[in-house]
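Asker: For the sequence shown, the working numbering begins at 15 and goes up steadily by one.
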Amino acid sequence: MRVLYFSQYFPPEVGATQTRAYEMCRYLTSQGHKVTAITEVPNHPSGIIPSEYRGRLSERRTEDGIDVLRLWVWTSPEKTFRSRMQFYLSYMGMSALAGTLLKGKYDVVYATSPPLFVATSGLITALVRRIPFIFEVRDLWPESAVALGELNSKRAIAAAEKLEVAMYRRATRIVVVTEGIRTRLVERGIPGSKITVIPNGANTEKFRYTEAGARQVEEKLGLAGKFVVMYAGVHGIAQGLETLLQAADLLRHRDDIIFLFVGEGPRKTHLRQIAEQQGLTNVRFLPEVRSDQMPSYLSAAGCAIVPLKDESLFRGAMPSKMFEAWACARPVILSVAGEAERVMKQAAGGLAIQPEDAAGMAHAIERLAANPGQAQQMGEHGRDFVHKHYSRQVQAQKLEELLKEVANKR
Numbered sequence: 015m016r017v018l019y020f021s022q023y024f025p026p027e028v029g030a031t032q033t034r035a036y037e038m039c040r041y042l043t044s045q046g047h048k049v050t051a052i053t054e055v056p057n058h059p060s061g062i063i064p065s066e067y068r069g070r071l072s073e074r075r076t077e078d079g080i081d082v083l084r085l086w087v088w089t090s091p092e093k094t095f096r097s098r099m100q101f102y103l104s105y106m107g108m109s110a111l112a113g114t115l116l117k118g119k120y121d122v123v124y125a126t127s128p129p130l131f132v133a134t135s136g137l138i139t140a141l142v143r144r145i146p147f148i149f150e151v152r153d154l155w156p157e158s159a160v161a162l163g164e165l166n167s168k169r170a171i172a173a174a175e176k177l178e179v180a181m182y183r184r185a186t187r188i189v190v191v192t193e194g195i196r197t198r199l200v201e202r203g204i205p206g207s208k209i210t211v212i213p214n215g216a217n218t219e220k221f222r223y224t225e226a227g228a229r230q231v232e233e234k235l236g237l238a239g240k241f242v243v244m245y246a247g248v249h250g251i252a253q254g255l256e257t258l259l260q261a262a263d264l265l266r267h268r269d270d271i272i273f274l275f276v277g278e279g280p281r282k283t284h285l286r287q288i289a290e291q292q293g294l295t296n297v298r299f300l301p302e303v304r305s306d307q308m309p310s311y312l313s314a315a316g317c318a319i320v321p322l323k324d325e326s327l328f329r330g331a332m333p334s335k336m337f338e339a340w341a342c343a344r345p346v347i348l349s350v351a352g353e354a355e356r357v358m359k360q361a362a363g364g365l366a367i368q369p370e371d372a373a374g375m376a377h378a379i380e381r382l383a384a385n386p387g388q389a390q391q392m393g394e395h396g397r398d399f400v401h402k403h404y405s406r407q408v409q410a411q412k413l414e415e416l417l418k419e420v421a422n423k424r
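#1: Once the 5 residues before and after SER60 are set aside, which same chain residues still bring their CB inside 7 Å of it?
#2: For my contact list, GLY374 and VAL346 are in at a C-beta cut-off of 8 Å; report their separation, rounded to the angstrom.
#3: Only counting the same chain, and skipping five residues up and downstream in sequence, which positions put a Cβ closer than 6 Å to that of ARG196?
#4: What's the call for PHE95, buried or exposed, on a 16-neighbour Cβ count within 10 Å?
#5: Note the first and the last residue of the continuous alpha helix (DSSP H) segment covering MET106.
#6: Who are ILE209's beta bridge partners in DSSP?
#7: Is the stretch 163 to 180 touching the stretch 130 to 137, taking contact as three or more C-beta pairs under 8 Å?
#8: Give me the DSSP bridge partner(s) of ILE80.
#9: Let me check understanding here. Comparing Cα to Cα, which of PRO280, GLU370, LEU259, THR224 lies closest to MET308?
#10: Mind the definition here: the stretch 284 to 291 touches the stretch 313 to 329 only if three or more C-beta pairs lie below 8 Å; say whether that holds.
#11: Residues in its own chain within less than 8 Å of SER167 by CB, not counting five upstream and five downstream?
#12: At the level of alpha carbons, what is the spacing between ILE138 and ARG304?
#13: What separation, rounded to the nearest whole angstrom, lies between the Cα atoms of PHE275 and PRO156?
#14: Rounding to the nearest angstrom, what Cα-Cα distance links PRO333 and GLY393 in this structure?
#15: Excluding the five sequence neighbours on either side, which residues of its own chain have a C-beta within less than 6 Å of the C-beta of ALA372, listed in chain order?
#16: Should LEU416 and ARG187 be called a contact, given that it needs their Cβ atoms to be closer than 8 Å?
#17: Using the C-alpha atoms, what's the distance from ALA339 back to GLU445?
#18: Taking the straight line between their C-alpha atoms, what separation do you get for ALA125 and TYR182?
#19: Among ILE379, THR218, ALA366, which has the Cα closest to the Cα of ASP270?
#20: Compare the beta carbon distance of VAL17 and ASN57 with 8 Å and say whether it is the shorter of the two.
#21: At a cut of 8 Å, does the stretch 31 to 44 reach the stretch 67 to 79 through at least three beta carbon pairs?
#22: On a Cα-Cα basis, can you pick out the residue from ILE62, THR89, ILE52 that is closest to GLU73?
#23: Is TYR120 near ARG143, with beta carbons less than 8 Å apart?
#24: Report the three-state DSSP secondary structure of PRO129 (helix, strand or coil).
#25: Taking C-alpha atoms, which residue in THR218, LYS93, VAL122 lies nearest to PHE147?
Now the structure itself:
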């Protein structure tokens, strides 16, 4: 089977989208399928293209068996509506052109969104090549962009909603990552038989507790004897990380508790400014960490924080960082309402609090710091739960079955 896989984000960029796309592609190639990943030159989330990728419209190489085609995109460190549209539309144009002009035959097109424009590239390619189009929806867009204030032009919203509906209708099949998204699409008239749920999860072979890794990180960062509260991921609008800084302020008297922010994103500079203005000496910001190093960092954490803003849209969210922390046997403090909270209760892998509740977060942190045995037990429950229900390997097998089904029907 030959698959064209469209994902604007891909390693060496770091993030949940990149990891999911890479691991799905890697599994498919390991099973003997040919996968061509059409992506951008690395730049996300900083908006800066590394020097080794500049000056070229495209680069194509084989990485871990995956045929990776990286394309030029318009980038900017300044994140405005205009710069985002230039960023998204440049990828859409470049990838649609590449997808239609690539030599060779393919059996199916798979496009993951958001950004929604990735699906447009996939659909154009599928129509030109006359092959099936599978649309993966990891987040409802433009609904999420509107809720976060990133999109407020009525004309742009109306156009995006029309494009979204067109993608749903023209897709041969739709893959979603949560039951909440599936329910929302069915309510909007999309046949349930057309939708397959393949949730987020963790690669349990890669993400696991490593005592040696934990010690190495503790020595490197001077964390011995500290209870480490870790947020690792994109520092964006959706996460509402100001709440975590408020919790750090409430716990500034605890010299045994330290907060680590690991990663990059458009809100990082703002968050650093808040921490400096408030004199939060218990907060440290670290740069982005490669995916292969994350198990060591998570292993050094007393608990992992998984937050989202208090928006109704996020009640159907299922952040992958929750499963990665559990795979490393770390307890999670979840500040996300809805479907993720229900999974947390099933796993018994930590504590669930209300979104954007700084006092509740501070209390949960103190509870885990005061009860290391209970925290360890929660982490172990989470690890067992991921192995049984949210292994990325099993999810990749499910995707392979779907792709085969669609390709064979063709």
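Don't be surprised by glycine CBs; every beta carbon is placed ideally from N, CA and C.
Answerer: Considering the structure as presented:
#1: In the sequence shown, residue 60 corresponds to position 46, counting from 1. Excluding positions up to five away in sequence, the list reads PRO91, GLU278.
#2: Start at 1 with the first residue of the sequence shown, and residue 374 comes out as number 360. Start at 1 with the first residue of the sequence shown, and residue 346 comes out as number 332. Between GLY374 and VAL346 a beta carbon distance of about 14 Å is seen, past the 8 Å cut, so the two are scored as non-contacting.
#3: By one-based count along the sequence shown, residue 196 stands at place 182. Counting only Cβ-Cβ distances below 6 Å, and skipping sequence neighbours, we find VAL190, ILE209, VAL211.
#4: Here the question's residue 95 lines up with position 81 in the sequence shown. Residue environment: PHE95 is assigned as exposed (fewer than 16 neighbouring CB atoms within 10 Å of its CB, all protein chains considered).
#5: Sequence index remark: in the sequence shown, residue 106 carries index 92 (1-based). Counting along the chain, the alpha helix (DSSP H) containing MET106 begins and ends at 95 to 115.
#6: The residue you call residue 209 lines up with position 195 of the sequence shown. DSSP output for ILE209 lists ILE188 as bridge partner(s).
#7: Below 8 Å, enough C-beta pairs join the stretch 163 to 180 and the stretch 130 to 137 to call them touching: three or more.
#8: Against the sequence shown, residue 80 aligns to sequence position 66. Partner(s): GLU77.
#9: Along the sequence shown, read from residue 1 onward, the residue named residue 308 stands at position 294. Checked all of PRO280, GLU370, LEU259, THR224; the closest Cα to MET308 is THR224.
#10: A contact between stretches requires three or more CB pairs, one per stretch, nearer than 8 Å, and the stretch 284 to 291 fails this requirement with the stretch 313 to 329.
#11: Here residue 167 refers to the residue found at position 153 when the sequence shown is read from its first residue. Around SER167: PHE95.
#12: As a first step, residue 138 is located in the sequence shown; it is residue number 124 there, counting from the start. As a first step, residue 304 is located in the sequence shown; it is residue number 290 there, counting from the start. Cα to Cα, the separation comes out at about 33 Å.
#13: Within the sequence shown, numbered from 1, the residue matching residue 275 stands at position 261. Within the sequence shown, numbered from 1, the residue matching residue 156 stands at position 142. Spanning the alpha carbons of PHE275 and PRO156 requires a straight line of approximately 28 Å.
#14: Reading the sequence shown from its first residue, position 319 is the one you call residue 333. Reading the sequence shown from its first residue, position 379 is the one you call residue 393. Roughly 17 Å separates the two Cα atoms.
#15: Counted from its first residue, the sequence shown places residue 372 at position 358. The beta carbon of ALA372 sits closer than 6 Å to those of THR257, GLN260, ALA261, all from its chain and outside the five residues before and after it, given in chain order.
#16: The sequence position of residue 416 within the sequence shown is 402, counting from 1. The sequence position of residue 187 within the sequence shown is 173, counting from 1. Contact: yes.
#17: Nothing about residue 445 can be read from this structure; the chain reaches only from 15 to 424.
#18: In the sequence shown, counting from the first residue as 1, residue 125 sits at position 111. In the sequence shown, counting from the first residue as 1, residue 182 sits at position 168. Approximately 12 Å between the Cα atoms of the pair.
#19: Indexing the sequence shown from 1 puts residue 270 at position 256. The shortest C-alpha to C-alpha distance from ASP270 to any of ILE379, THR218, ALA366 is the one to ILE379.
#20: Start at 1 with the first residue of the sequence shown, and residue 17 comes out as number 3. Start at 1 with the first residue of the sequence shown, and residue 57 comes out as number 43. Taking C-beta atoms as the reference points, VAL17 and ASN57 fail to come closer than 8 Å.
#21: In short, these stretches touch, since the Cβ pair count reaches three.
#22: As a working mapping, residue 73 is identified with position 59 in the sequence shown. Cα-wise, what sits closest to GLU73 is ILE52.
#23: Indexing the sequence shown from 1 puts residue 120 at position 106. Indexing the sequence shown from 1 puts residue 143 at position 129. Less than 8 Å separates the beta-carbon of TYR120 from that of ARG143.
#24: Residue numbering aside, residue 129 sits at position 115 when the sequence shown is read from its first letter. The answer is coil: DSSP assigns PRO129 none of H, G, I, E or B.
#25: Translated into the one-based positions of the sequence shown, residue 147 becomes position 133. The residue from THR218, LYS93, VAL122 with its alpha-carbon nearest to that of PHE147 is VAL122.
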